[in-house]
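Encoded as structure tokens, the structure appears first; notes follow it.
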Amino acid sequence: MADIRNDFVGIKSPNPFWLASAPPTDKEYNVVRAFKAGWGGVVWKTLGEDPPIVNVNGPRYGAIWGADRRLLGFNNIELITDRKLQTNLQEIKAVKKAWPDRAVVVSLMVPCEEDNWKAILRAVEETEADGVELNFGCPHGMSERGMGSAVGQVPEYIEMVTRWCKANTRMPVIVKLTPNITDVRYPARAAKAGGADAVSLINTINSITGVNLDHFAPEPMIDGKGSHGGYCGPAVKPIAMNMVAEIARDPETAGLPISGIGGITTWRDAAEFMALGAGNVQVCTAAMTYGFKIVEEMIAGLSEWMDARGHASLDAIVGRAVPNISDWQHLNLNYVTKARIDQELCIKCGRCHIACEDTSHQAITSMVDGVRHFEVIDAECVGCNLCVNVCPVENCITMEPLAAGVVDQRTGRTVEPTYANWTTHPNNPAARVAAE
Amino acid sequence: MTDGPFKEGIAAGRLAPQDYAGNFADLHPPFDRHEAQVEADRCYFCYDAPCVTACPTAIDIPLFIRQIATGNPMGSARTIFDQNILGGMCARVCPTETLCEEACVREAAEGKPVQIGRLQRYATDTAMAAGRQFYDRPASTGKRVAVVGAGPAGLACAHRLAMYGHDVTVFEARPKPGGLNEYGIAAYKTVDGFAQAEVDYVTAIGGIAIENGKALGRDLSLGELTGGFDAVFLGMGLGGVNALRAEGEEAAGVDDAVGFIAELRQASDLAALPVGRRVVVIGGGMTAIDAAVQAKLLGAEEVTICYRRGKERMNASDYEQDLAAANGVTIRHWLQPRRVVAEDGTVRAIELEYTREEGGRLAGTGETVTLAADQVFKAIGQTFEPAGLNGSGPSIAMEGGRIRVDAEGRTSLDKVWAGGDCVAAGDDLTVTAVAQGRDAAEAMHRALAR
Numbered sequence: 001m002a003d004i005r006n007d008f009v010g011i012k013s014p015n016p017f018w019l020a021s022a023p024p025t026d027k028e029y030n031v032v033r034a035f036k037a038g039w040g041g042v043v044w045k046t047l048g049e050d051p052p053i054v055n056v057n058g059p060r061y062g063a064i065w066g067a068d069r070r071l072l073g074f075n076n077i078e079l080i081t082d083r084k085l086q087t088n089l090q091e092i093k094a095v096k097k098a099w100p101d102r103a104v105v106v107s108l109m110v111p112c113e114e115d116n117w118k119a120i121l122r123a124v125e126e127t128e129a130d131g132v133e134l135n136f137g138c139p140h141g142m143s144e145r146g147m148g149s150a151v152g153q154v155p156e157y158i159e160m161v162t163r164w165c166k167a168n169t170r171m172p173v174i175v176k177l178t179p180n181i182t183d184v185r186y187p188a189r190a191a192k193a194g195g196a197d198a199v200s201l202i203n204t205i206n207s208i209t210g211v212n213l214d215h216f217a218p219e220p221m222i223d224g225k226g227s228h229g230g231y232c233g234p235a236v237k238p239i240a241m242n243m244v245a246e247i248a249r250d251p252e253t254a255g256l257p258i259s260g261i262g263g264i265t266t267w268r269d270a271a272e273f274m275a276l277g278a279g280n281v282q283v284c285t286a287a288m289t290y291g292f293k294i295v296e297e298m299i300a301g302l303s304e305w306m307d308a309r310g311h312a313s314l315d316a317i318v319g320r321a322v323p324n325i326s327d328w329q330h331l332n333l334n335y336v337t338k339a340r341i342d343q344e345l346c347i348k349c350g351r352c353h354i355a356c357e358d359t360s361h362q363a364i365t366s367m368v369d370g371v372r373h374f375e376v377i378d379a380e381c382v383g384c385n386l387c388v389n390v391c392p393v394e395n396c397i398t399m400e401p402l403a404a405g406v407v408d409q410r411t412g413r414t415v416e417p418t419y420a421n422w423t424t425h426p427n428n429p430a431a432r433v434a435a436e
Numbered sequence: 437m438t439d440g441p442f443k444e445g446i447a448a449g450r451l452a453p454q455d456y457a458g459n460f461a462d463l464h465p466p467f468d469r470h471e472a473q474v475e476a477d478r479c480y481f482c483y484d485a486p487c488v489t490a491c492p493t494a495i496d497i498p499l500f501i502r503q504i505a506t507g508n509p510m511g512s513a514r515t516i517f518d519q520n521i522l523g524g525m526c527a528r529v530c531p532t533e534t535l536c537e538e539a540c541v542r543e544a545a546e547g548k549p550v551q552i553g554r555l556q557r558y559a560t561d562t563a564m565a566a567g568r569q570f571y572d573r574p575a576s577t578g579k580r581v582a583v584v585g586a587g588p589a590g591l592a593c594a595h596r597l598a599m600y601g602h603d604v605t606v607f608e609a610r611p612k613p614g615g616l617n618e619y620g621i622a623a624y625k626t627v628d629g630f631a632q633a634e635v636d637y638v639t640a641i642g643g644i645a646i647e648n649g650k651a652l653g654r655d656l657s658l659g660e661l662t663g664g665f666d667a668v669f670l671g672m673g674l675g676g677v678n679a680l681r682a683e684g685e686e687a688a689g690v691d692d693a694v695g696f697i698a699e700l701r702q703a704s705d706l707a708a709l710p711v712g713r714r715v716v717v718i719g720g721g722m723t724a725i726d727a728a729v730q731a732k733l734l735g736a737e738e739v740t741i742c743y744r745r746g747k748e749r750m751n752a753s754d755y756e757q758d759l760a761a762a763n764g765v766t767i768r769h770w771l772q773p774r775r776v777v778a779e780d781g782t783v784r785a786i787e788l789e790y791t792r793e794e795g796g797r798l799a800g801t802g803e804t805v806t807l808a809a810d811q812v813f814k815a816i817g818q819t820f821e822p823a824g825l826n827g828s829g830p831s832i833a834m835e836g837g838r839i840r841v842d843a844e845g846r847t848s849l850d851k852v853w854a855g856g857d858c859v860a861a862g863d864d865l866t867v868t869a870v871a872q873g874r875d876a877a878e879a880m881h882r883a884l885a886r
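Just so you know, the sequences run in chain order E and A.
Numbered according to our numbering, the first sequence spans residues 1 to 436.
Numbered according to our numbering, the second sequence spans residues 437 to 886.
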């Protein structure tokens, strides 16, 4: 059996699946249910200073759906915890005492003054919690008050607050980053410069999930008005993974531990984040959609995959994909693929044809000898993968590389066995000639 | 004398009064909004979709399903009605399992096609319940067209002609319009007076007058019609029923399945409708299934369909055969009727001969079996009765016992088109009749506009 125990900046948990700071971790009742269900840890919903904030009393959440109303994207305008600080601290202490093998990290957000941070860190230390996460990501409400993403969007503030926290606590400090920036490497570098033990990302993305066309107002609509909310769920996973990868491969932050967050729903999602450099993962939307039981699938699925592939422990997978993340200019231009349609699997829906015909390269037939038949025309196929992506049957269309020495029917050129990229391509005005 | 299902002979009231409504309830209850949404989401929006190709009226099925999925059932209904103004009935009675749903790529992918028929019903019901009319009749062209028969072909033809502003008079032999939709389809496929509601919906466009009780050859002649109108469409269906060609078939209790189905559809009180305790239905098509299943639902104890060839040759689809079996009807193959056994002129049993195929030809084996029966239904096909057609002018050309038409529905006579079951090109499907009526109307309009 693969060992999926997790050690993240010294915080130990029986598995790498933590619940992210969010409604599921707002109180003891929910967290105890989560631990009973098998979650390895939680990041307690963000604590602030008393008096507690207030939430809207209308809808807090919006969503977009795929076929069969499967929830694909989710947003919220909920703020940090609206319960008294002392209540949360007492419950955190009780939970940690009852569940010593689970990770309990506390998310924090207070005004940008060192004394405020100092005070709350002292209070959290008394709970015996395993660490803190600085919420520099929340993009709505709190940011209007100079907290959350208002801090996370200014690298100097990140560095400053992180430094205060490191100076005032023995606990590991995880800095949670906002994706609502242009280049995530800058805030990550700032966190590192401030002494952060780790970063976690992504927090939610500024979003409007829909517009109510009867009222001409954004959803979720509060008395005829709407405010942008924080977007999360499966739809944000690609954005989150890119940001994780950017930090993992940036020479300035390489090796900085990352807790991956963003649309993780299955064991596979988690494995992908970890391959891109995340030391563990945090989950919220999937739990809010299906309940805590999903962690059983995550644990079993990750273990099964690791066993099948001979990965003995999480160390064997974390960051394994990082060396394969490349700049575009270094991709091999001599790698030539053609789409191949498995006629046994083809159900003849014709979507590959019409997608290619209308919007791409006219490289798939719809009729051959008077019979409905979908086949790739190699002389037109650029290997773009659109047909693979629109085909409803998995593995029916695959991209097959041409072997070296074969003539590409489209270009008339023989496929070279060597690697060649844009930097030396004759069409590149800035091409560097290989050194003599 | 026993009661209920065990009453000997042909008797009414075999069931408890409250059981009739349940037995004859909607075969496929309509989708509610959620069900329609879930099912619509399954459509792949295929290119040059095979379901459209398989539909005789070529409804743009992926488009209408996408319109349901995007919350536009009215637009969806219009997409359907653009091609098939009787889309509501076709949604109920089409053998979709051998048409659009057989062609659905999800049938190939997973053996479960998108339920196109039920989605079509959802969309058309939505529009019809709201009384939404999608077509305006333009100013009258002054051209007058006679349509013979207010069945699917005639109604589709009349509606398309009205869309072009022609004035249409429909002559219907029976007391009510609708044709087989009103008289010839199992009650559980079209409940709550849908056939008449659909006639009202179709004729609401205006410019269509229906005259009931006017039969060609009895009340009108083709010569009068061609003389009095600018064009004529013949869509009178099939009036005759094939004989068993079995000795003694004139015995009481040997009835036409189509007559039984019509009587059942028109009955105001199903409990008053008599049916045999032991019923044998001879035939292998939809009519045989409709008669057999409804006989069972009326309380017949034993119902047996006897078909002279094998299962794969039956015109009734697998779905229909399964429906019969699920309702307790026994289907026996390779049996042909030989003799009706009667006592005092009343059927008591039917003697059938086993058959087999010899070099592609059907032959009796000589061996026989006798099934007790107090009612025998003939469902071995209907025939066109040309008697009403000719005699009042030049004869119309026939082909295989039905009216010969070209690809546009034009007969051998000037100004006369035809469609539906009475033409040689038909396949005895409602949806095909609709397509033929519609296409003939297009051709008639082109001719009238010249």
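Built from N, CA and C at the ideal position, the CB exists for glycine as well.
Margin query: Using the three-state DSSP reduction, which class does glycine 301 of chain E fall into: helix, strand or coil?
Written below: Numbered from its first residue, the first sequence carries residue 301 of chain E at position 301. DSSP places glycine 301 of chain E in helix when its eight states are reduced to three.
Below 8 Å, can you find three or more Cβ-Cβ pairs linking the stretch 295 to 310 of chain E to the stretch 5 to 21 of chain E?
yes
- Message: Along the stretch 471 to 489 of chain A, where does the CB come closer than 8 Å to a CB of chain E? Name the residues.
- Response: Gln473, Val474, Asp477, Arg478, Tyr480, Phe481, Cys482, Tyr483, Asp484, Ala485 and Pro486
Please work out which residues of its chain come closer than 6 Å, Cβ to Cβ, to asparagine 332 of chain E, disregarding the five sequence neighbours upstream and downstream, and give them in chain order.
Residue numbering aside, residue 332 of chain E sits at position 332 when the first sequence is read from its first letter. If we look at asparagine 332 of chain E and ignore the five residues flanking it on each side, its Cβ neighbours are Tyr419.
Cβ-based neighbour list, proline 466 of chain A, same chain, cut-off 8 Å, excluding 5 preceding and 5 following: Position 30 of the second sequence, counted from the start, is the residue given in the question as residue 466 of chain A. Result list for proline 466 of chain A: Arg554, Arg557, Tyr558 and Asp561, in chain order.
Any C-beta of chain A within less than 9 Å: which residues of the stretch 375 to 401 of chain E qualify? Pro392 and Val393
Q) Among the residues of its own chain, which have a CB less than 6 Å from the CB of aspartate 378 of chain E, if the five just before and after it don't count? A) The residue labelled residue 378 of chain E in the question sits at position 378 within the first sequence. Here the set comprises Lys338 and Gln409.
inquiry  = Tell me the DSSP secondary structure of glutamate 737 of chain A in three-state form.
reply    = As a working note, residue 737 of chain A is residue 301 in the second sequence. It is coil, neither helix nor strand.
Handout entry: Under the three-state DSSP convention, the category glutamate 91 of chain E falls into
Key = Taking the first residue of the first sequence as 1, we reach residue 91 of chain E at position 91. Residue state, collapsed to three classes: helix.
If alanine 321 of chain E sits next to proline 257 of chain E, beta carbons under 8 Å apart, how far is it from one beta carbon to the other, in whole angstroms?
The count along the first sequence starts at 1 and reaches residue 321 of chain E at position 321. The count along the first sequence starts at 1 and reaches residue 257 of chain E at position 257. Incorrect: roughly 16 Å between the Cβ atoms, too far for contact.
inquiry  = Classify arginine 814 of chain A: buried if its beta carbon has 16 or more other beta carbons within 10 angstroms, exposed otherwise.
reply    = The residue given as residue 814 of chain A occupies position 378 in the second sequence. Note on identity: in this sequence residue 814 of chain A is lysine, with arginine being the wrong assignment. Buried: at least 16 other Cβ atoms inside 10 Å.
- Query: According to DSSP, which residues form a beta bridge with glutamate 608 of chain A?
  - Reply: Working through the second sequence from its first residue, we reach residue 608 of chain A at position 172. Answer by DSSP bridge pairing, in chain order: A/Asn648.
Asparagine 135 of chain E classed as buried or exposed, judged by whether at least 16 other C-beta atoms fall within 10 angstroms
As a working mapping, residue 135 of chain E is identified with position 135 in the first sequence. Buried, since its Cβ has 16 or more Cβ neighbours within 10 Å.
Q) Helix, strand or coil: how does DSSP classify glycine 695 of chain A here? A) The residue labelled residue 695 of chain A in the question sits at position 259 within the second sequence. Glycine 695 of chain A: helix per DSSP, three-state reduction.
message = Quick check on the burial criterion: 16 or more other C-beta atoms within 10 angstroms. Buried or exposed for glutamine 33 of chain E?
response = Here residue 33 of chain E refers to the residue found at position 33 when the first sequence is read from its first residue. Looking at the sequence itself, residue 33 of chain E is arginine, so the reference to glutamine does not match. Answer is exposed; the Cβ neighbour count stays below 16.
Check: So isoleucine 552 of chain A and glutamate 538 of chain A are in contact, right, with Cβ under 8 Å, and what is the actual spacing, rounded?
Finding: Residue 552 of chain A sits at position 116 when you count from the first residue of the second sequence. Residue 538 of chain A sits at position 102 when you count from the first residue of the second sequence. Not really, about 10 Å apart at Cβ, beyond 8 Å.
(message) Less than 9 Å between CB atoms is the rule here; does histidine 330 of chain E satisfy it with respect to chain A?
(response) Start at 1 with the first residue of the first sequence, and residue 330 of chain E comes out as number 330. No, histidine 330 of chain E lies away from the interface with chain A (no Cβ there is under 9 Å from its Cβ).
key: Simplified DSSP state of cysteine 138 of chain E, which is helix, strand or coil   = Taking the first sequence and counting its residues from 1, one reaches residue 138 of chain E at position 138. In the structure shown, cysteine 138 of chain E sits in coil (DSSP, three-state: anything other than H, G, I, E or B).
Exercise for review: Give every residue of the same chain whose Cβ lies closer than 6 Å to the Cβ of glycine 764 of chain A, excluding the five residues on either side of it in the sequence, and list them in chain order.
Suggested key: The count along the second sequence starts at 1 and reaches residue 764 of chain A at position 328. Same-chain partners within the cutoff: Lys732.
- Message: Only counting the same chain, and skipping five residues up and downstream in sequence, which positions put a Cβ closer than 6 Å to that of methionine 147 of chain E?
- Response: In the first sequence, the residue the question calls residue 147 of chain E occupies position 147. Met109.
Hey, isoleucine 767 of chain A and valine 776 of chain A: beta-carbon distance below 9 Å or not? Taking the second sequence and counting its residues from 1, one reaches residue 767 of chain A at position 331. Taking the second sequence and counting its residues from 1, one reaches residue 776 of chain A at position 340. Result no, Cβ atoms of isoleucine 767 of chain A and valine 776 of chain A do not sit closer than 9 Å.
Q. If you run the structure through DSSP and keep just helix, strand and coil, what is glutamine 872 of chain A?
A. Walking along the second sequence from the start, residue 872 of chain A turns up at place 436. The answer is helix: DSSP assigns glutamine 872 of chain A an H, G or I state.
Self-check item: Backbone CA spacing between glycine 856 of chain A and aspartate 875 of chain A [nearest angstrom]
Solution: By 1-based counting over the second sequence, the position of residue 856 of chain A is 420. By 1-based counting over the second sequence, the position of residue 875 of chain A is 439. Going by the C-alpha atoms only, they are around 11 Å apart.
Enumerate, from N- to C-terminal direction, the unbroken beta strand (DSSP E) stretches of 3 or more residues contained entirely within the stretch 530 to 597 of chain A. 580 to 584
| field | Local conformation of tryptophan 39 of chain E per DSSP, three classes | value | In the first sequence, residue 39 of chain E corresponds to position 39, counting from 1. Coil.
- For the alpha helix (DSSP H) that leucine 121 of chain E lies in, which residues bound it at each end? For the purposes of this step, residue 121 of chain E is taken as the residue at position 121 of the first sequence. First-last of the alpha helix (DSSP H) with leucine 121 of chain E: 114 to 125.
From glycine 587 of chain A to phenylalanine 820 of chain A, what does the alpha carbon distance come to, in whole angstroms? Residue 587 of chain A sits at position 151 when you count from the first residue of the second sequence. Residue 820 of chain A sits at position 384 when you count from the first residue of the second sequence. Approximately 15 Å, taken between the alpha carbons.
Note to self: Judging by CA-CA distance, which residue of A/Gly615, A/Gly720 and A/Gly643 is the nearest neighbour of phenylalanine 630 of chain A?
What the structure shows: As a working mapping, residue 630 of chain A is identified with position 194 in the second sequence. Closest option to phenylalanine 630 of chain A, Cα to Cα, is A/Gly615.
Legend entry - Between the CA atoms of alanine 869 of chain A and alanine 833 of chain A - distance to the nearest angstrom: Counted from its first residue, the second sequence places residue 833 of chain A at position 397. Counted from its first residue, the second sequence places residue 869 of chain A at position 433. Straight-line Cα distance between these residues: approximately 20 Å.
**Where the beta strand (DSSP E) containing alanine 198 of chain E begins and where it ends** = Taking the first residue of the first sequence as position 1, residue 198 of chain E is located at position 198. Segment 198 to 201, the beta strand (DSSP E) holding alanine 198 of chain E.
Notebook entry, point to check: Just curious, the alpha helix (DSSP H) that proline 155 of chain E is in, first and last residue?
Noted result: Along the first sequence, read from residue 1 onward, the residue named residue 155 of chain E stands at position 155. Element bounds for proline 155 of chain E: 155 to 168.
Practice problem: To the nearest angstrom, report how far apart alanine 861 of chain A and arginine 840 of chain A are at their CA atoms. | Solution: Reading the second sequence from its first residue, position 425 is the one you call residue 861 of chain A. Reading the second sequence from its first residue, position 404 is the one you call residue 840 of chain A. About 8 Å.
**Report entry** isoleucine 53 of chain E, enclosing beta strand (DSSP E) - first and last residue
**Finding:** For the purposes of this step, residue 53 of chain E is taken as the residue at position 53 of the first sequence. Here isoleucine 53 of chain E belongs to no beta strand (DSSP E), and DSSP marks it neither H nor E.
*Hey, out of E/Glu125, E/Ile347, E/Ile208 and E/Gly260, whose CA is closest to asparagine 168 of chain E's CA?*
As a working note, residue 168 of chain E is residue 168 in the first sequence. When each option's Cα is compared against that of asparagine 168 of chain E, the closest is E/Glu125.
Whose Cβ in chain A lies nearer than 8 Å to the Cβ of aspartate 214 of chain E? Taking the first sequence and counting its residues from 1, one reaches residue 214 of chain E at position 214. Going along chain A, no residue has its Cβ under 8 Å from aspartate 214 of chain E, so there is no contact; the nearest lies around 13 Å.
Query raised in the report: Would the stretch 36 to 51 of chain E and the stretch 116 to 131 of chain E be scored as touching if the rule is three or more Cβ pairs under 8 Å?
Result: yes
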